[in-house]
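A short write-up of the structure that comes next.
In this note's numbering, the protein residues as written are 1 to 416.
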C-alpha cells in the first residue's frame, strides 16, 4: 500500500507530536498542556507527516530562520527540525520524500539555504547538507586551573566593568539586543524568537522539570550591559564535608572580549564550585587559554553542530565579506538540481558578487562540500587532501582558503 506524505491539520497535531516522541525515544505520552502550548507556534503548512492507513509513521517540520554569515549579514534559512521515521517504517524512502518536498518549497520561497542540527551524522550528507560549524564542551577543574579561587571584582584587565546577579526578566529584556550584536560579530548564529527567550528563561511551559538558573550580567565601566551568563549548580559534598559542586553553563553571550573574560572568571570563582561544565561552545573559545593552567579544561564533547544545505549559491556567497580581494570559479555539483552550476565569485573585504559563468572552473565540488566552506570553518586544501574537492586550477584550493576562511570559527549556540 502506498504511504501518503502531506502537511498535517490541527486535528492530527497530537498524533504528530506522539509519533515524534516515539521517534526520539521519549516517553510516548502527549499532555494537553503540550498541545496547547505548541500548536499556536507551529506552522502546520510546514509540519508534514507520512500516513499509513491513517496512522502517522514519520514526521518532519521546518520554520523560517535567520542565520548570520561572515561580516554580520543574515541569510534567509529554512530550519529543519522534528525529523523522525518510526521503527516500523524504516527504509521506505519516507525521509527522502519529506526532505525533497520541503527543500523544493524552500527554494521556491527564495530561501538561501536550509539548516538543521543532526541527531545522527551519516543521514544528511546525501541530501546535500554539509557541516558548517562544530561545537566543543569543556569540563574545568577549578582547583587545578590556577585561578585564585574568587572573583576579585572590577579591574583594568576586565575593562573596568562590574558583574551583578540578575534574573530571567532582565535577560528577556536585555538578552535579545545582546544576541543580535553578537550575531553581527560571528558567523553561524541562528536567531532567537521571543518564544525562544521565554522558554530559555523559564517564562513558558516546559515539558521537563525546570531548574531556575543563576543569572549574572556584565556592565562596562560606562554602565552598558555587554554580556550575561546563565548557569545551574548541583549540590554535592564529599565525605569530608567539602563542597564539590559543578556549575553547568546554559548560556554565555558576550559582545566584548572584556565581558567574555570577566564572565568566565566569575563562573570559575564562585565559592563551593570545584568544576565548571561549559556547555557547547565554539571550538576556538577563549576559555582554555584564559586559565593559568589550560590543562585544567578537559574536552568532554567535540562534535558537528550546524548542518547547512545551500539552495542558492549567489544568495549565500554575496552577502558575506571576505578576508581579501580575489576571484574564484566554482563548479558546484548538486544531484537534487537545486543549486548546481558554475559560478564566478569576485570577493573583497566589502563583500562579493557571485554570477553564473561559462569560464573554466578553479574548484569542482559537491554542494555539501561548499556548505562546509561558506561560513569560514573548513579548509579547501584539507578537503582536497580528502578527495572531496577537485582542484581544476593549480593553487585554487589555497586561494579559496585565503578568501573564505575566517579568523574566528563560526559558532551555532542553539539546538533547534
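Think of the CB as a built atom: it goes at the ideal place given N, C-alpha and C, for glycine as much as any other residue. Note that the structure is predicted; figures quoted are calculated from it, not measured.
Give every residue of the same chain whose Cβ lies closer than 8 Å to the Cβ of residue i, excluding the five residues on either side of it in the sequence, and list them in chain order.
{"i": "residue 427", "result": "Summary: the structure shown does not reach residue 427, with the chain confined to residues 1 through 416, and so no result is reported for it."}
{"i": "residue 362", "result": "328, 329, 330, 391, 392, 393, 396, 399, 400"}
{"i": "residue 227", "result": "178, 217, 218, 252, 253, 254, 255, 256, 259, 260, 262, 263"}
Quick one: Cα of residue i to Cα of residue j, how far?
{"i": "residue 256", "j": "residue 184", "result": "12 Å"}
{"i": "residue 223", "j": "residue 159", "result": "11 Å"}
{"i": "residue 235", "j": "residue 377", "result": "38 Å"}
{"i": "residue 292", "j": "residue 146", "result": "5 Å"}
{"i": "residue 138", "j": "residue 10", "result": "43 Å"}
{"i": "residue 121", "j": "residue 140", "result": "27 Å"}
{"i": "residue 97", "j": "residue 245", "result": "48 Å"}
{"i": "residue 105", "j": "residue 181", "result": "31 Å"}
{"i": "residue 161", "j": "residue 203", "result": "29 Å"}
{"i": "residue 50", "j": "residue 124", "result": "19 Å"}
{"i": "residue 213", "j": "residue 339", "result": "44 Å"}
{"i": "residue 192", "j": "residue 86", "result": "30 Å"}
{"i": "residue 4", "j": "residue 285", "result": "46 Å"}
{"i": "residue 354", "j": "residue 382", "result": "24 Å"}
{"i": "residue 343", "j": "residue 357", "result": "5 Å"}
{"i": "residue 409", "j": "residue 17", "result": "35 Å"}
{"i": "residue 215", "j": "residue 282", "result": "21 Å"}
{"i": "residue 103", "j": "residue 315", "result": "15 Å"}
{"i": "residue 371", "j": "residue 83", "result": "21 Å"}
{"i": "residue 271", "j": "residue 142", "result": "11 Å"}
{"i": "residue 176", "j": "residue 186", "result": "15 Å"}
{"i": "residue 252", "j": "residue 360", "result": "46 Å"}
{"i": "residue 416", "j": "residue 240", "result": "42 Å"}
{"i": "residue 61", "j": "residue 412", "result": "20 Å"}
{"i": "residue 273", "j": "residue 296", "result": "14 Å"}
{"i": "residue 438", "j": "residue 219", "result": "This structure cannot speak to residue 438, because the chain is shown only from 1 to 416."}
{"i": "residue 8", "j": "residue 37", "result": "17 Å"}
{"i": "residue 225", "j": "residue 231", "result": "18 Å"}
{"i": "residue 27", "j": "residue 33", "result": "16 Å"}
{"i": "residue 195", "j": "residue 171", "result": "13 Å"}
{"i": "residue 243", "j": "residue 269", "result": "13 Å"}
{"i": "residue 208", "j": "residue 367", "result": "38 Å"}
{"i": "residue 188", "j": "residue 73", "result": "11 Å"}
{"i": "residue 136", "j": "residue 335", "result": "32 Å"}
{"i": "residue 101", "j": "residue 163", "result": "49 Å"}
With 16 as the cutoff for other CB atoms within 10 Å, does residue i come out buried or exposed?
{"i": "residue 206", "result": "exposed"}
{"i": "residue 179", "result": "buried"}
{"i": "residue 65", "result": "buried"}
{"i": "residue 20", "result": "buried"}
{"i": "residue 373", "result": "buried"}
{"i": "residue 420", "result": "No answer is possible for residue 420: the residues shown for the chain start at 1 and end at 416."}
{"i": "residue 116", "result": "buried"}
{"i": "residue 165", "result": "exposed"}
{"i": "residue 275", "result": "buried"}
{"i": "residue 320", "result": "buried"}
{"i": "residue 24", "result": "exposed"}
{"i": "residue 54", "result": "exposed"}
{"i": "residue 45", "result": "exposed"}
{"i": "residue 110", "result": "exposed"}
{"i": "residue 287", "result": "buried"}
{"i": "residue 211", "result": "exposed"}
Starting from the C-beta of residue i, find all residues in its chain whose C-beta is less than 7 Å away, skip the five residues before and the five after it, and write them out in chain order.
{"i": "residue 348", "result": "322, 325"}
{"i": "residue 114", "result": "77, 78, 80, 103, 106, 309, 311"}
{"i": "residue 332", "result": "313, 339, 340, 341, 343, 365, 367, 370"}
{"i": "residue 419", "result": "With the chain represented from 1 up to 416, any question about residue 419 goes unanswered, as that position is not in the structure."}
Where does residue i fall in DSSP's three states?
{"i": "residue 11", "result": "helix"}
{"i": "residue 242", "result": "coil"}
{"i": "residue 59", "result": "strand"}
{"i": "residue 167", "result": "coil"}
{"i": "residue 310", "result": "strand"}
{"i": "residue 229", "result": "strand"}
{"i": "residue 248", "result": "strand"}
{"i": "residue 358", "result": "coil"}
{"i": "residue 162", "result": "strand"}
{"i": "residue 54", "result": "coil"}
{"i": "residue 215", "result": "strand"}
{"i": "residue 105", "result": "helix"}
{"i": "residue 378", "result": "coil"}
{"i": "residue 6", "result": "strand"}
{"i": "residue 131", "result": "strand"}
Return the chain-ordered list of same chain residues with a C-beta closer than 6 Å to the C-beta of residue i, the five sequence neighbours on each side being excluded.
{"i": "residue 414", "result": "190"}
{"i": "residue 405", "result": "376"}
{"i": "residue 379", "result": "401"}
{"i": "residue 57", "result": "50, 86, 89"}
{"i": "residue 198", "result": "204"}
{"i": "residue 99", "result": "127"}
{"i": "residue 365", "result": "389"}
Determine, for residue i, whether the minimum Cβ-Cβ distance to residues of chain D falls below 8 Å.
{"i": "residue 86", "result": "Included in the structure is just one protein chain, with no chain D present."}
*Count the CB pairs spanning the stretch 118 to 135 and the stretch 305 to 324 that are closer than 8 Å, and state whether there are at least three.*
With the cut-off at 8 Å, the stretch 118 to 135 and the stretch 305 to 324 touch.
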